[in-house]
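Trainee: Under this note's numbering, the first residue of the sequence shown carries the number 11, and numbering increases by one thereafter. All residues carry an ideal CB built from backbone N, CA and C; glycine is no exception. Take a look at the following structure, please.
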Amino acid sequence: MNRRAGNAGPSLRTLAFVESPVQLLNVLEWAHTHALRGVPGAPASGAGAPAPIPAVPPQARRTVDGSAPQAAAELTVVVLSPTDPMTRGQLRRMADLARDEGYEVRWEEARGGTTAPFQTIGGLAGALRRADRIVMGDPFSRYVQLLLTITRARDLVVVDDGTATMEFVAQLARGERLVRWHRKGGRPGPRDLLFAPVSSSARRRLTPRAGRRVEVFSSMPVEEIPDGVTVTTNDFGWTRSRFGPPRITKGADMVGTSLVETGVVDGDRYLEAVRGLAKAHGAARYFAHRRESTEKLHRLAAETGLEIVRPDLPLELIARRGPIGRTVLSFPSTVVHTLPLALAGTGVRIAVCDIDPTWLTDHASPRAQGFLSGVTDTAKDIHRLTAVALA
Numbered sequence: 011m012n013r014r015a016g017n018a019g020p021s022l023r024t025l026a027f028v029e030s031p032v033q034l035l036n037v038l039e040w041a042h043t044h045a046l047r048g049v050p051g052a053p054a055s056g057a058g059a060p061a062p063i064p065a066v067p068p069q070a071r072r073t074v075d076g077s078a079p080q081a082a083a084e085l086t087v088v089v090l091s092p093t094d095p096m097t098r099g100q101l102r103r104m105a106d107l108a109r110d111e112g113y114e115v116r117w118e119e120a121r122g123g124t125t126a127p128f129q130t131i132g133g134l135a136g137a138l139r140r141a142d143r144i145v146m147g148d149p150f151s152r153y154v155q156l157l158l159t160i161t162r163a164r165d166l167v168v169v170d171d172g173t174a175t176m177e178f179v180a181q182l183a184r185g186e187r188l189v190r191w192h193r194k195g196g197r198p199g200p201r202d203l204l205f206a207p208v209s210s211s212a213r214r215r216l217t218p219r220a221g222r223r224v225e226v227f228s229s230m231p232v233e234e235i236p237d238g239v240t241v242t243t244n245d246f247g248w249t250r251s252r253f254g255p256p257r258i259t260k261g262a263d264m265v266g267t268s269l270v271e272t273g274v275v276d277g278d279r280y281l282e283a284v285r286g287l288a289k290a291h292g293a294a295r296y297f298a299h300r301r302e303s304t305e306k307l308h309r310l311a312a313e314t315g316l317e318i319v320r321p322d323l324p325l326e327l328i329a330r331r332g333p334i335g336r337t338v339l340s341f342p343s344t345v346v347h348t349l350p351l352a353l354a355g356t357g358v359r360i361a362v363c364d365i366d367p368t369w370l371t372d373h374a375s376p377r378a379q380g381f382l383s384g385v386t387d388t389a390k391d392i393h394r395l396t397a398v399a400l401a
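Right, dumping it as structure tokens:
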């Protein structure tokens, strides 16, 4: 993997599409790695433009080589805003951090009614055609796939969207249709069949060829690398340079997962597992995933005694700012790969608990167990994580 792909070139007009806070975080990491330049205090636009939060001081704004940023912003971040309040809140905070770095932020109410998608796509058509480079956080997104049919950009970049990045690269290498890992194995529904031509077009656009470059920017282990694809390592250098080091507490913290909400893990089994881990390791706080349901979290608090924390930023930033427990317990998820990088040198221990096959629902994809095991096994090998088990 390329550790540094070098300066990507400020002359390129770059348009980044994000739909989640983690995607936006990783766009900032990508821009930092490639030393993209920005103008501190760049404007935010759109109906959902975020309220200000404390800015990064000018002396802290540095490119990869340590020099101060120069010239005009060449990166425009387009937020395709979801409807979920927790996600919107985190995105607003992340959007303001992007503005502090000098990048323009364009907020689109992309799902604000039946006509919103048409208005959004129509409003972005000109920028899409002018862009030299497109950065996207979720190549599985139908919205993003539709936008890819409009652009003429010759440079395409996929930044991390968690564990889905591993599956995307593997599917691209094997020439398969783009399907999220937790849905793979099921029969395509009517909407899948209707959208199939657009999805196929997006896959072709994301396949390198003469005159088209494709980069994957990831902190996840990527083994099946398609021919012609450049893989650049995300080491969370921007996060470490802007936040921390954190104050470390003596206890343990737990990281929540949305595996129940996605239909992979049974809710009662998950509750039992959380209760057992919290008791065994003396955990006091539970950092909820932004997609976890309020009903499930209320039940967790009542039956485990854990303090439920709803983070207002991605967990990598929350942990880096601190305070954070000396031990962080997690089930298989993206954070078992990202937290060791964000917390490098702090002494925080990341421990992972595998998903027992008996916890899976009848609706879980046939690939679920193998995929989740692969996430934790690779994290144990790469980051030397501690494995924990329920009694």
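1) Got a sec? Which residues, its chain only, sit under 7 Å from T388 by beta carbon, not counting five neighbours each side?
2) Per DSSP, which residues does W117 bridge with? Please list them.
3) Which value, in whole angstroms, describes the spacing of the CA atoms of G133 and A120?
4) Out of curiosity, what's the CA-to-CA distance linking L287 and D372?
5) Indicate whether the contact test is met: 3 or more Cβ pairs, each with one atom in the stretch 28-41 and one in the stretch 154-173, closer than 8 Å.
6) Classify D165 as helix, strand or coil using the three-state DSSP reduction.
7) Going straight from the alpha carbon of F341 to that of G266, what length do you get?
8) Using a 10 Å radius around the Cβ and a threshold of 16 neighbouring Cβ atoms, would you call R184 buried or exposed?
9) Between the Cα of H291 and the Cα atoms of R47, T249, S268, I360, which residue gives the shortest distance?
10) Could you spell out the range, first to last residue, of the alpha helix (DSSP H) harbouring D263?
11) Taking the C-alpha atoms as reference points, what is the distance between T242 and A312?
12) Can you tell me the Cβ-Cβ gap for A163 and L188, rounded? I've got them flagged as a contact below 8 Å.
13) If you measure between the beta carbons of R116 and V88, is that distance less than 7 Å?
14) Tell me whether the stretch 332-351 and the stretch 248-256 touch, counting them as touching only if at least three CB pairs, one residue from each stretch, are closer than 8 Å.
15) To the nearest angstrom, how far is it from the Cα of R143 to the Cα of K306?
16) In the structure shown, what three-state DSSP assignment does I334 receive?
17) Given P207, which residues of its chain have a CB within under 6 Å of its CB, disregarding the five upstream and five downstream residues?
18) Rounded to whole angstroms, what is the Cα-Cα separation between R193 and Y280?
19) Applying the criterion that 16 or more other CB atoms from any shown protein chain within 10 Å of the CB defines a buried residue, is R139 buried or exposed?
20) Who are the near neighbours of D364 in its chain, counting only those whose CB is closer than 6 Å to its CB and skipping five residues on each side?
21) Along the chain, where does the alpha helix (DSSP H) that runs through A220 open and close?
22) Looking at E326: is its Cβ nearer than 7 Å to the Cβ of A352?
23) How is F227 classed by DSSP in three states: helix, strand or coil?
24) If you count every other CB in all the chains shown that lies within 10 Å of the CB of S303, and 16 or more means buried, which is it?
25) If we ignore side chains and look at the alpha-carbon of each, how far apart do G380 and L323 end up?
26) Which same chain residues, not among the five before or five after T396, have their C-beta less than 7 Å away from its C-beta?
27) Name the DSSP bridge partner or partners of S340?
28) My assumption, with CB atoms under 8 Å, is that V224 sits in contact with T175. Please give the rounded CB distance.
29) Count the other CB atoms, across all protein chains shown, that sit within 10 Å of the CB of S210; report buried if there are 16 or more and exposed otherwise.
30) In three-state terms, what does DSSP make of D278?
31) Return the Cβ separation of A135 and I160 in integer angstroms, given the expectation that the two are a contact with Cβ distance under 8 Å.
32) According to DSSP, is D5 part of a helix, a strand, or is it coil?
33) Tell me whether A81 is buried or exposed, calling it buried when 16 or more other Cβ atoms sit within 10 Å of its Cβ.
34) Give the secondary structure of F297 by DSSP, where H, G and I count as helix, E and B as strand, and everything else as coil.
35) For a quick check, are the C-beta atoms of R285 and T240 less than 7 Å apart?
36) By the three-class DSSP mapping on this structure, what secondary structure does D322 have?
Mentor: The structure says:
1) The residues are P231.
2) W117 is bridged by DSSP to V89.
3) Rounded to whole angstroms, G133 and A120 show a C-alpha spacing of 11 Å.
4) L287 and D372 have their C-alpha atoms roughly 24 Å apart.
5) Output reads yes: the stretch 154-173 touches the stretch 28-41.
6) Secondary structure at D165: strand, using DSSP grouped into helix, strand and coil.
7) A direct Cα-Cα distance of roughly 8 Å separates F341 from G266.
8) R184 counts as exposed, since fewer than 16 other C-beta atoms from the protein chains shown sit within 10 angstroms of its C-beta.
9) Minimum Cα distance to H291 is reached at I360.
10) D263 -> not in any alpha helix (DSSP H); beta strand (DSSP E) instead, spanning 258-265.
11) Cα to Cα, the separation comes out at about 43 Å.
12) The pair is not a contact, with the Cβ atoms about 19 Å apart (cut-off 8 Å).
13) Their beta carbons are under 7 Å apart, which means R116 touches V88 by this criterion.
14) Below 8 Å, enough C-beta pairs join the stretch 332-351 and the stretch 248-256 to call them touching: three or more.
15) Whole-angstrom Cα-Cα distance: 41 Å.
16) DSSP places I334 in strand when its eight states are reduced to three.
17) None.
18) For R193, the predicted structure reports a pLDDT of 49, less than 50, and the residue's modelled location is therefore unreliable. The matter cannot be settled from this model.
19) For R139, the number of other beta carbons within 10 angstroms of its own is below 16, and it is reported as exposed.
20) Excluding residues within five positions, the ones whose Cβ falls inside 6 Å are T386.
21) If you look at A220, you'll find it isn't in any alpha helix (DSSP H); DSSP assigns it neither H nor E.
22) Yes, they are a contact pair.
23) Three-state DSSP puts F227 in a strand.
24) S303 should be labelled exposed.
25) Roughly 30 Å between the two C-alpha positions.
26) In its chain, beyond the 5 residues on either side, R359, A361 have a beta carbon closer than 7 Å to the beta carbon of T396.
27) Under DSSP, S340 takes part in a beta bridge, and its partners are V265, V362.
28) In fact, because the Cβ distance is near 13 Å, the residues do not count as touching under 8 Å.
29) By the 10 Å Cβ count, S210 comes out exposed.
30) Taken through DSSP and simplified to helix, strand or coil, D278 comes out as helix.
31) Sure, about 6 Å apart at Cβ, within 8 Å.
32) In the structure as shown, the chain starts at 11 and stops at 401, and residue 5 therefore has no counterpart that could be examined.
33) Reliability of the predicted coordinates at A81 is poor, the pLDDT of 38 falling under 50, and the value obtained from them is presented with this limitation in mind. A81 should be labelled exposed.
34) Judged by DSSP in its simplified three-state form, F297 adopts strand.
35) The Cβ atoms of R285 and T240 do not sit closer than 7 Å to each other.
36) D322 falls in the coil class under three-state DSSP.
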